[in-house]
């Protein structure tokens, strides 16, 4: 180490209602702190701080988790997740900014999962429209960046 400051590692937050993350998961041993939000009390995960935040459906209470992160002075959250988590964040109006990556790969089929679950919108007129949209290229991939609301 040459005395220069090490890059600040973001807090890694895992939403895992039942605490099923494998104890040998690589991300638990990578640099930076890890917070695992669970909906079952008494769970312990080596290499991570566990917070118990239950909602009425037996899942992690996402608004309460966002409040907890705010209490810790975390003002920006980058979410990678499945359609259920992403859809819940949209349904609860907890999304301010969207960065969606599109790759030149076609996948799908009748049983393919949607990248955004939740209640969603069935009609285009009811769909969430992003504002202040920008496009950025990353090799062959394209990022669509936009904001919810005004």
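In this note's numbering, the protein residues as written are 229 to 378. All C-beta atoms, glycine included, are put in the ideal place defined by N, C-alpha and C.
Pair within 8 Å by beta-carbon distance, residue i and residue j
i, j, result
"residue 316", "residue 346", "yes"
"residue 272", "residue 278", "yes"
"residue 363", "residue 376", "no"
"residue 314", "residue 344", "yes"
"residue 256", "residue 275", "yes"
"residue 281", "residue 264", "no"
"residue 297", "residue 305", "yes"
Residues sharing a beta bridge with residue i, DSSP
i, result
"residue 287", "Bridge partners of residue 287: none, in fact."
"residue 366", "369"
"residue 338", "DSSP lists no partner for residue 338."
"residue 265", "243, 279"
Residue interval of the alpha helix (DSSP H) (run including residue i)
i, result
"residue 315", "311-319"
Range of the contiguous beta strand (DSSP E) that encloses residue i
i, result
"residue 370", "369-375"
"residue 355", "First-last for residue 355: undefined, no H or E at that position."
"residue 242", "240-243"
Checklist entry - Is the region 328-342 in contact with the region 364-373, if contact means three or more CB pairs nearer than 8 Å? => result Result yes; three or more Cβ-Cβ pairs closer than 8 Å.
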